[in-house]
Amino acid sequence: MSAIWGAIDFSGKEITEKIKSVLKNAFDECAIDKTSEISNKNVYMGCGLQFFTPESKHEELPTKTDGIYYTADAVLDNRDEMCARLGITNTPELGDAEIIRQCFERFGKDCLNDLLGAYVFVRFDAAKGTVDIVADAVGNRYIQYFCEDDILYFASLRAPLESLKKEVRLNKKWIAYYYGVNTLDTFNDSESTIIDGIYRIAPASHVVIQNGRVAEKNEYWDVTNIKRCRRHKNDSDYRKEFVDLYRKCVSDTLRTEEEVAIFLSGGYDSTSVACLAAPILKERGKKLYSFTSVPESDYVFDGPETKEADEYESVKRNMEFLGNVECDTLSLKGVNLWDIRHEYNKVVELPYKSPENMIWLYEGYKKAREKGARLILSGAFGNGTVSYNNILQYLVWLVKHFKFKKFIEEVNGFNRRLGSSRKQIIKATLDGVFKPSLPSTIKFDAYKDCYAYESFLKENGAIDAVKENDMITRKSYHNAAKHQDMFLPAINFRHYGEFPLKNSLYTGVFFRDPTRDKRMIEYVKSLPFDQFTHNGYTRRLIREYMEDIMPPKFFIRHPFGVQSADMKYRFEKYGDAVLEEWRRIVSKTDGKGIVDTARLLKDIERKNVKDFGYGDILRLFYTINALEYISNYEL
Numbered sequence: 196m197s198a199i200w201g202a203i204d205f206s207g208k209e210i211t212e213k214i215k216s217v218l219k220n221a222f223d224e225c226a227i228d229k230t231s232e233i234s235n236k237n238v239y240m241g242c243g244l245q246f247f248t249p250e251s252k253h254e255e256l257p258t259k260t261d262g263i264y265y266t267a268d269a270v271l272d273n274r275d276e277m278c279a280r281l282g283i284t285n286t287p288e289l290g291d292a293e294i295i296r297q298c299f300e301r302f303g304k305d306c307l308n309d310l311l312g313a314y315v316f317v318r319f320d321a322a323k324g325t326v327d328i329v330a331d332a333v334g335n336r337y338i339q340y341f342c343e344d345d346i347l348y349f350a351s352l353r354a355p356l357e358s359l360k361k362e363v364r365l366n367k368k369w370i371a372y373y374y375g376v377n378t379l380d381t382f383n384d385s386e387s388t389i390i391d392g393i394y395r396i397a398p399a400s401h402v403v404i405q406n407g408r409v410a411e412k413n414e415y416w417d418v419t420n421i422k423r424c425r426r427h428k429n430d431s432d433y434r435k436e437f438v439d440l441y442r443k444c445v446s447d448t449l450r451t452e453e454e455v456a457i458f459l460s461g462g463y464d465s466t467s468v469a470c471l472a473a474p475i476l477k478e479r480g481k482k483l484y485s486f487t488s489v490p491e492s493d494y495v496f497d498g499p500e501t502k503e504a505d506e507y508e509s510v511k512r513n514m515e516f517l518g519n520v521e522c523d524t525l526s527l528k529g530v531n532l533w534d535i536r537h538e539y540n541k542v543v544e545l546p547y548k549s550p551e552n553m554i555w556l557y558e559g560y561k562k563a564r565e566k567g568a569r570l571i572l573s574g575a576f577g578n579g580t581v582s583y584n585n586i587l588q589y590l591v592w593l594v595k596h597f598k599f600k601k602f603i604e605e606v607n608g609f610n611r612r613l614g615s616s617r618k619q620i621i622k623a624t625l626d627g628v629f630k631p632s633l634p635s636t637i638k639f640d641a642y643k644d645c646y647a648y649e650s651f652l653k654e655n656g657a658i659d660a661v662k663e664n665d666m667i668t669r670k671s672y673h674n675a676a677k678h679q680d681m682f683l684p685a686i687n688f689r690h691y692g693e694f695p696l697k698n699s700l701y702t703g704v705f706f707r708d709p710t711r712d713k714r715m716i717e718y719v720k721s722l723p724f725d726q727f728t729h730n731g732y733t734r735r736l737i738r739e740y741m742e743d744i745m746p747p748k749f750f751i752r753h754p755f756g757v758q759s760a761d762m763k764y765r766f767e768k769y770g771d772a773v774l775e776e777w778r779r780i781v782s783k784t785d786g787k788g789i790v791d792t793a794r795l796l797k798d799i800e801r802k803n804v805k806d807f808g809y810g811d812i813l814r815l816f817y818t819i820n821a822l823e824y825i826s827n828y829e830l
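The sequence shown lines up with residues 196 to 830 when you count with my numbering.
This is the structure in structure tokens:
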């Protein structure tokens, strides 16, 4: 894995030393193990290698072979398969990026759907005057780029690109959606950035650049095209197939000689990853270092008994049976969630929205590195794959398709196993069929509560985008065929990959999530609906099929974990100082016709932090964080 950067002048002019230094020096604060460059008149490429795999220590990037210039940021999961296809020997000296290069040279775009892992590469064919930029299917790695005056500029960070662009202006559509969606969602598409004219390569994309401009954009993999075509005679076949695949997805991430860490909660997803990873590491004589977010020690959780804010003790009990998991906490003790914004905005190159989650995750990378880990695992994507729950959608589907016998069998299964009321299950199902309503947590027309001017949102397409998303939710929520797609849109691959790349660059710790593996996504999308809900089991891929792999008492009912439950409490501890700074920033900052600063100031002048709800503080945080951030740019 690596940071990559470069510039290619299609007019043939030499790349200046200034351009080279701006690109290279942007990575001075990143955790780079080795830096190399190639410069030949109108072509300049650089690579800051990070040694995440044994083979990466032998990687030589960038390369020039027969007029082909190439640089890459790559970890390839299916080395054996691709080497066999190439007819070459998989040796420790052969780098992942080199295997990808040879595959593309030999097979062209026909190989892109077969490459598995985390990668982005840039390839320039000097004879043809063509650049190919390709990113992995699920958005693990990416670059940002722009074209100007016949020159392509690209980099893993956006900062040097801003320095080289003649005119740097805010992308009004981007910022309109950022405010208008009025949730923790940040992106409305897979390519645009906060700066107009600077783009990010989308997941599963192949971009072709000729003559200093984008000539083609192709998507080589589309999750919506996957059909529910998998059919087995019995559940034991599905069980074996799923567990074998999941174990393979996990084991393929563990190609490291260093220590391994994991973000671990008390939930299904990260626990299942830990239960598959720890035995593999134990065979190597290694530990798995886990990090669990916990609230302030003096915080008192006043939520329902079915939920808990501190999962650490549950996690420790769950992990004891594995024998090689060393558990630790992420407490953020003494961290002011407002004061740290400048540091983390710089890392992610965005005004981030979630004040606590983003920070404890970043701290987890740093603590992992302190333990000697260069790899940190997660199960963050699992709700759409390994622990997908479709109970209501499946029951509604049975009724709509007149499968009444099967429906009654499933109702009886939940009554028998969980003691659930048949009457309540039938009523909820019929409501879903004839008068479907959505959970109260789903808000429509959310833009009406944000602090941006409605005219600005409308002018820049944010209201239409929000309404379109609302319509998709309405049409999909009770639809068994469409519900899972709500978890798997292309934009989600961007969202889940955007921040880990930046965290990785700055800490030298590689993030992998086996629940977001392309193979796993394809697998769960091919399954019939009853593989997720059946005979009283929901989320059955883990709940039933992994019962003998998960901790012995894991499935005994215990409270659901609530991440960042103490966020409001943390703000209250610094309440007066934070509010005073918010007032100062809002009163002196030009809203640029985007933010209604008068309304915003009115809301924060008459209250203290304790008067605001949890959601109000989130909204105030990202509204003012972004207001301050965008004040540095022209509109």
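Beta carbons are placed, not taken as given, at the ideal position from N, Cα and C, and that holds for glycine.
Excluding sequence positions up to five before and after residue 237, its CB lies within less than 8 Å of the CB of 203, 204, 205, 206, 207, 208, 209, 210, all in the same chain and listed in chain order. Rounded to the nearest angstrom, the Cβ distance from residue 310 to residue 295 is 6 Å, consistent with a contact under 8 Å. Note that the C-beta distance between residue 637 and residue 589 is not below 9 Å. For residue 532, the closest alpha carbon among the candidates 824, 229, 222, 769 is that of 769. Under the 10 Å beta carbon count, residue 568 is surrounded by 16 or more other beta carbons and is classified as buried.
For residue 447, the CB contacts under 7 Å within the same chain, skipping 5 residues up- and downstream, are 272 in chain order. If you look at residue 678, you'll find it in the alpha helix (DSSP H) that goes 675-678. Residues 721, 722 of the same chain have their beta carbon placed closer than 6 Å to that of residue 425, with the five preceding and five following residues left out of the count. Of all C-beta pairs linking the segment 739-757 to the segment 428-439, three or more are shorter than 8 Å, placing the two stretches in contact.
DSSP places residue 266 in the uninterrupted beta strand (DSSP E) bounded by 263-271. Using a 10 angstroms sphere on the CB of residue 509, the tally of other CB atoms reaches 16 or more, which defines it as buried. With respect to the 9 Å criterion, residue 617 and residue 606 are classified as neighbours on the basis of their beta carbons.
Shortest Cα-Cα distance from residue 821 to any of 234, 693, 529, 373 involves 373.
Taking every protein chain shown into account, the CB of residue 647 has 16 or more other CB atoms within 10 angstroms, so this residue is buried. Taking a 10 Å sphere around the C-beta of residue 197, we find 16 or more other C-beta atoms and assign the residue as buried.
With a contact defined as Cβ atoms closer than 8 Å, residue 335 and residue 542 miss out at about 18 Å. The continuous beta strand (DSSP E) containing residue 259 extends over residues 258-260. Every alpha helix (DSSP H) of 4 residues or more that sits fully in the segment 719-782 is shown, in chain order, as 735-738, 762-768.
Listed in chain order, the non-local C-beta contacts of residue 818 below 6 Å within the same chain comprise 646, local neighbours out to five positions each way being set aside. Under the three-state reduction of DSSP output, residue 588 falls in the helix class. Remark: C-beta atoms of residue 407 and residue 564 do not approach each other more closely than 9 Å. Using a Cβ distance threshold of 9 Å, residue 270 and residue 312 count as a contacting pair. The criterion of a C-beta distance shorter than 9 Å is satisfied by residue 548 and residue 379. Taking residue 735 as the centre and dropping the five residues before and after it, the same chain places the C-beta of 726, 727, 728, 729 closer than 8 Å to its C-beta, in chain order.
Residue pairing for residue 692: DSSP places it in no beta bridge. The C-beta distance from residue 325 to residue 418 rounds to 28 Å, too long to fall under 8 Å, and the pair is not in contact. Assigned with DSSP and collapsed to three states, residue 245 falls in coil, not helix or strand.
Secondary structure note for residue 314: its beta strand (DSSP E) is the uninterrupted segment 312-320.
Taking all protein chains shown into account, residue 410 has fewer than 16 neighbouring C-beta atoms within 10 Å of its C-beta and is therefore exposed. For residue 294, the uninterrupted alpha helix (DSSP H) run begins and ends at 291-302, by DSSP. Per DSSP, the unbroken alpha helix (DSSP H) holding residue 278 starts and ends at 274-281. When secondary structure is reduced to three states using DSSP, residue 666 falls in the helix class.
For residue 679, the closest C-alpha among the options 422, 332, 370, 375 is that of 422. Excluding sequence positions up to five before and after residue 610, its CB lies within less than 7 Å of the CB of 617, all in the same chain and listed in chain order. Residue 203: member of the beta strand (DSSP E) spanning 197-204, first to last residue.
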